[in-house]
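Asker: Residues -17 to -1, 1 to 487 in mature numbering (1 follows the signal peptide of the UniProt record, and there is no 0) are what the sequence shown spells out, letter by letter.
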Amino acid sequence: MKTGLLCLCILITICTSASHQRRKFPEDFLFGVSTAAYQIEGAWNEDGKGENIWDYGIHNGVGNIVDMSNGDVAADSYHNYARDIEMMRELGIDVYRFSLSWSRLLPSGFADNINEAGIAYYNRLIDELLKYNITPMVTLYHWDLPQKLQELGGFANPLLGNWFEDYARVVFRSFGDRVKLWITFNEPREICLDGYGSDNKAPFLNAAGIADYICAKHLVIAHAKAYRLYVNEFKSTQKGKCGITFGVSSILPLTDSEEDRLAVELRRQGDLGIYTNPIFSKEGGFPKEFAERVAMKSSEQGYQRSRLPEFSDKEKEFVRGTSDFFGVNHYGGSFLSATDGIDDRVPSLNNDAPVAYHTPDDWPKSVSSWLMQMPNSLNITLARLHADYNNIEFYVTENGWSTYKGLNDDDRVRYFRAAWESALDAIEHGVNLKGYMAWSLMDNFEWAQGYSERFGLYEVDFEDPARTRTPRKSAFIYKNLLKTRYVDHDYEPENYIMSIDEGH
Ligand code: NOJ
């Protein structure tokens, strides 16, 4: 009897771990890769393209790029897009997420002058994707504002919403017959906090604790304008979906003290909630505790009104509920503890919602200072968002790991396998996750880090005028996942020759 029980236990254990290993992604789950216009296209002044804030900032020495590089040529996808699509066919992906360059389509930013060569380029790209059954997922804004609009204040100008709506109309009209998945903005926090609240990203404005908050309000209104435009003028005929993508890290309190818990919650509101609450929460507008904190700090600091702008009831209503899905760019996470913020700039988000970051020594580190592999972090992130904003459809629109150049990227393989298991955990958890896109198809211009940090499944030779692309080990591992739909931890490619399989 005892032996029988023991055997049964062993059997159950074997079955559970076997089925655990064989957990599969659903058949209709979409796998893809992501890129962004300024990071890959190059052709910065070709065929009528206008100047954007990265062109201007780098050419005029306003932005500091570690290797003194820029995106003038980048991976030269403007000329190599056919090879890019060949790579997607090699991988066997379902979706390609890329962004449109606003200043390639509307050189001055305004809709009076449409650059037909820009329209033709994206038409070629979209048509080539569709020819091979690859679904385009198109981001309207991935950080490259036309420079003229920046001179008018960019995201600090309340008219930004009108400019973005006019641009969106041109885009939906030109491509909406074939594009069914739209993302208005990529990573609002990085646009506002890094671009307006620091000098890390264009427009390198560095007016912390003020400009970043003004940007947040105007950005979500611009998003809502584009969404409502889509719903009112295009959705019934084009039948697509329109959403927005946020950069979301896993942040957990270091201890179970009330102090750490509150510090993390307040920081979550300042980092993420000021962008997501207006759109996804029931009450709309900026998160309450964070708004109260900034109002209090502002008054202590001698400001006559809060540095965080308010939403009128009409604005709250206008923005609330304006997204068909929630896009998540996820990379890593950390533990946070409460601090007093005394050492931080005044004013700033760090001072308004101060926290200290902790990462255990045994977490694998990438070559990016901010990116460490937190165990099961994708699931932690998605589970929390699922609890906050129930019944929303999620797409992981970016997930990836940085290395130095080199084809043998075992670190990336280890990271990806863990992330895919974590995505499966989230699905088991009941998260309505519809798709996953790896960042990135190929090496590209990594903003202030230039070409020093590589995120590509394919390596790009930036010394070579042809910008040759070569698959890394991770490309073969991703391809195998897409084929089998489960994470095979033992899979080793037989050879490192990439080819296009039947049906792609
Ligand atoms: C998120 C951004 O959207 C993308 O542009 C960037 O390259 C990756 N993170 C990696 O840092």
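We treat Cβ as the ideally placed atom computed from N, Cα and C, and that holds for glycine. Being a predicted model, the structure only gives us computed values, none of them experimental.
Alpha carbon to alpha carbon, how far is Ala336 from Pro171?
Answerer: Position 353 of the sequence shown holds residue 336. Position 188 of the sequence shown holds residue 171. Taking the straight line joining both Cα atoms gives about 18 angstroms.
Asker: Ignore the nearest five residues each way along the sequence and tell me which others in Thr342's own chain have a CB closer than 8 angstroms to its CB.
Answerer: As a first step, residue 342 must be located in the sequence shown, where it is residue number 359. Result list for Thr342: Ser317, Phe318, Met355, Met357, in chain order.
Asker: Counting only the same chain and skipping the five closest in sequence on each side, list residues whose C-beta sits under 7 angstroms from that of Trp346.
Answerer: Counting from one through the sequence shown, the residue named residue 346 turns up at place 363. Result list for Trp346: Met355, Gln356, Met357, in chain order.
Asker: Run the proximity test for Ala19: is its beta-carbon closer than 6 angstroms to any non-hydrogen atom belonging to ligand 1?
Answerer: Sequence index remark: in the sequence shown, residue 19 carries index 36 (1-based). Checking every heavy atom of ligand 1 against the Cβ of Ala19, one is found closer than 6 angstroms.
Asker: What is the rounded straight-line gap between the Cα of Ala409 and the Cα of Leu368?
Answerer: Position 426 of the sequence shown, counted from the start, is the residue given in the question as residue 409. Position 385 of the sequence shown, counted from the start, is the residue given in the question as residue 368. Distance between the alpha carbons of Ala409 and Leu368 is about 11 angstroms.
Asker: Does the beta carbon of Glu442 fall short of 6 angstroms from some heavy atom of ligand 1?
Answerer: Numbered from its first residue, the sequence shown carries residue 442 at position 459. Not under cutoff, so the answer is no.
Asker: Should Gly44 be labelled buried (16 or more other beta-carbon atoms within 10 Å of its own) or exposed?
Answerer: As a working note, residue 44 is residue 61 in the sequence shown. Exposed is the call here.
Asker: Any heavy atom of ligand 1 closer than 6 angstroms to the CB of Glu29?
Answerer: Sequence index remark: in the sequence shown, residue 29 carries index 46 (1-based). Checking every heavy atom of ligand 1 against the Cβ of Glu29, none is found closer than 6 angstroms.
Asker: Can you tell me which residues form a DSSP beta bridge with Ile166?
Answerer: If you number the sequence shown from 1, residue 166 lands on position 183. Looking at the DSSP assignment, Ile166 forms a beta bridge with Thr122, Gly226.
Asker: Quick check on this structure: which residue in Ala139, Glu266, Val338, Glu275 has the alpha carbon closest to the alpha carbon of Asp243?
Answerer: Working through the sequence shown from its first residue, we reach residue 243 at position 260. For Asp243, the nearest C-alpha among the options comes from Val338.
Asker: Taking the CB atoms as reference points, tell me whether Ala366 and His412 lie closer together than 7 angstroms.
Answerer: Here residue 366 corresponds to residue number 383 of the sequence shown, with the count starting at 1. Here residue 412 corresponds to residue number 429 of the sequence shown, with the count starting at 1. In this structure, His412 lies closer than 7 angstroms to Ala366 by Cβ.
Asker: Tell me the residue span of the beta strand (DSSP E) that contains Asn312.
Answerer: Stepping through the sequence shown from its first residue, residue 312 is reached at position 329. Counting along the chain, the beta strand (DSSP E) containing Asn312 begins and ends at 309 to 312.
Asker: Provide the residue(s) that pair with Arg437 in DSSP beta bridges, ordered along the chain.
Answerer: Position 454 of the sequence shown, counting from 1, holds the residue named residue 437. In DSSP, Arg437 forms a bridge with Thr386.
Asker: Give the DSSP bridge partners of Arg80, in chain order.
Answerer: Counting from 1 along the sequence shown, the entry for residue 80 is found at position 97. Looking at the DSSP assignment, Arg80 forms a beta bridge with Ser17, Met120.
Asker: Does DSSP classify Gly418 as helix, strand or coil?
Answerer: Walking along the sequence shown from the start, residue 418 turns up at place 435. Strand, per DSSP.
Asker: At a threshold of 6 angstroms, does Asn169 count as lining ligand 1 (C-beta to nearest heavy atom)?
Answerer: For this step, residue 169 is matched to residue 186 along the sequence shown. Flag set: Cβ of Asn169 near ligand 1.
Asker: In terms of residue numbering, what span does the beta strand (DSSP E) encompassing Ile234 cover?
Answerer: Within the sequence shown, numbered from 1, the residue matching residue 234 stands at position 251. Residues 233 to 236.
Asker: Would you mind sorting Leu(-10) into buried or exposed? The rule is 16 or more other CB atoms within 10 Å of its CB.
Answerer: Numbered from 1 along the sequence shown, position 8 holds the residue referred to as residue -10. Only weak support is given to the placement of Leu(-10): the predicted model assigns it a pLDDT of 38, under 50, and the question is left unresolved by the model.
Asker: Within its chain, find whatever has a CB closer than 7 angstroms to the CB of Asn463; leave out the 5 residues flanking it on each side and keep chain order.
Answerer: Here residue 463 is taken as the residue at index 480 of the sequence shown, counted from 1. The answer, listed in chain order, is Asp471, Tyr474.
Asker: Enumerate in chain order the residues of its own chain whose CB-to-CB distance from Ile102 is below 8 angstroms, with the five nearest sequence positions on each side excluded.
Answerer: Stepping through the sequence shown from its first residue, residue 102 is reached at position 119. These residues qualify, in order along the chain: Leu88, Ser157.
Asker: Suppose the cutoff is 6 angstroms on Cβ atoms and the five residues either side in sequence are ignored; what does the same chain contact list for Phe8 look like?
Answerer: By 1-based counting over the sequence shown, the position of residue 8 is 25. The residues are Arg468.
Asker: Excluding five sequence neighbours on each side, which residues of the same chain lie with their C-beta closer than 7 angstroms to the C-beta of Val414?
Answerer: Looking up residue 414 in the sequence shown gives position 431. Correct list, in chain order: Leu365, Ala366, His369, Phe377.
Asker: For His341, which beta-bridge partners are listed by DSSP?
Answerer: Walking along the sequence shown from the start, residue 341 turns up at place 358. According to DSSP, which records beta bridges pairwise, His341 is partnered with Phe318.
Asker: To test your reading of the DSSP string, which unbroken alpha helix (DSSP H) runs of 4 or more residues are found completely within the region 170 to 198?
Answerer: Taking only runs of at least 4 residues, no alpha helix (DSSP H) segment lies wholly in the region 170 to 198.
Asker: At which residues does the beta strand (DSSP E) containing His377 begin and terminate?
Answerer: Locating residue 377 in the sequence shown gives position 394, where the first residue counts as 1. Note on identity: in this sequence residue 377 is Phe, with His being the wrong assignment. Start and end: 377 to 381.
Asker: Using 8 angstroms as the threshold, is the region 162 to 177 in touch with the region 122 to 134, meaning 3 or more CB pairs across them?
Answerer: Yes, the region 162 to 177 touches the region 122 to 134.
Asker: Please report the distance separating the alpha-carbon of Pro292 from that of Glu10.
Answerer: Numbered from its first residue, the sequence shown carries residue 292 at position 309. Numbered from its first residue, the sequence shown carries residue 10 at position 27. When rounded, the distance between both Cα atoms is 45 angstroms.
Asker: Using only the heavy atoms of ligand 1, determine whether one of them is closer than 6 angstroms to the beta carbon of Asn183.
Answerer: The residue you call residue 183 lines up with position 200 of the sequence shown. Checking the Cβ of Asn183 against ligand 1 gives no.
Asker: Would you mind working out which of Gln130, Leu255, Val311 sits nearest Arg406, comparing C-alpha positions?
Answerer: In the sequence shown, the residue the question calls residue 406 occupies position 423. Reading the sequence as shown, one finds Ala at residue 406 and not Arg. Checking every option, the nearest Cα to that of Ala406 belongs to Val311.
Asker: Please report the distance separating the alpha-carbon of Asp394 from that of Tyr21.
Answerer: As a first step, residue 394 is located in the sequence shown; it is residue number 411 there, counting from the start. As a first step, residue 21 is located in the sequence shown; it is residue number 38 there, counting from the start. So the alpha carbons of these two residues sit roughly 26 angstroms apart.
Asker: Taking the CB atoms as reference points, tell me whether Ala321 and Ala246 lie closer together than 7 angstroms.
Answerer: Residue numbering aside, residue 321 sits at position 338 when the sequence shown is read from its first letter. Residue numbering aside, residue 246 sits at position 263 when the sequence shown is read from its first letter. The answer is yes: Cβ separation under 7 angstroms.
Asker: In the structure shown, what three-state DSSP assignment does Thr305 receive?
Answerer: Within the sequence shown, numbered from 1, the residue matching residue 305 stands at position 322. DSSP places Thr305 in coil when its eight states are reduced to three.
Asker: Would you grab the beta carbon distance between Phe14 and Ile76 for me? Rounded to a whole angstrom, and I think it's under 8 angstroms.
Answerer: Counting from one through the sequence shown, the residue named residue 14 turns up at place 31. Counting from one through the sequence shown, the residue named residue 76 turns up at place 93. About 6 angstroms separates the two Cβ atoms, so the contact holds.
Asker: Following the continuous beta strand (DSSP E) through Thr453, name the residue where it begins and the one where it ends.
Answerer: For this step, residue 453 is matched to residue 470 along the sequence shown. Thr453 -> beta strand (DSSP E) spans 452 to 454.
Asker: Mark Gln284 as exposed unless 16 or more other C-beta atoms lie within 10 angstroms of its C-beta, in which case mark it buried.
Answerer: Numbered from its first residue, the sequence shown carries residue 284 at position 301. Counting Cβ neighbours within 10 Å, Gln284 comes out exposed, since fewer than 16 surround it.
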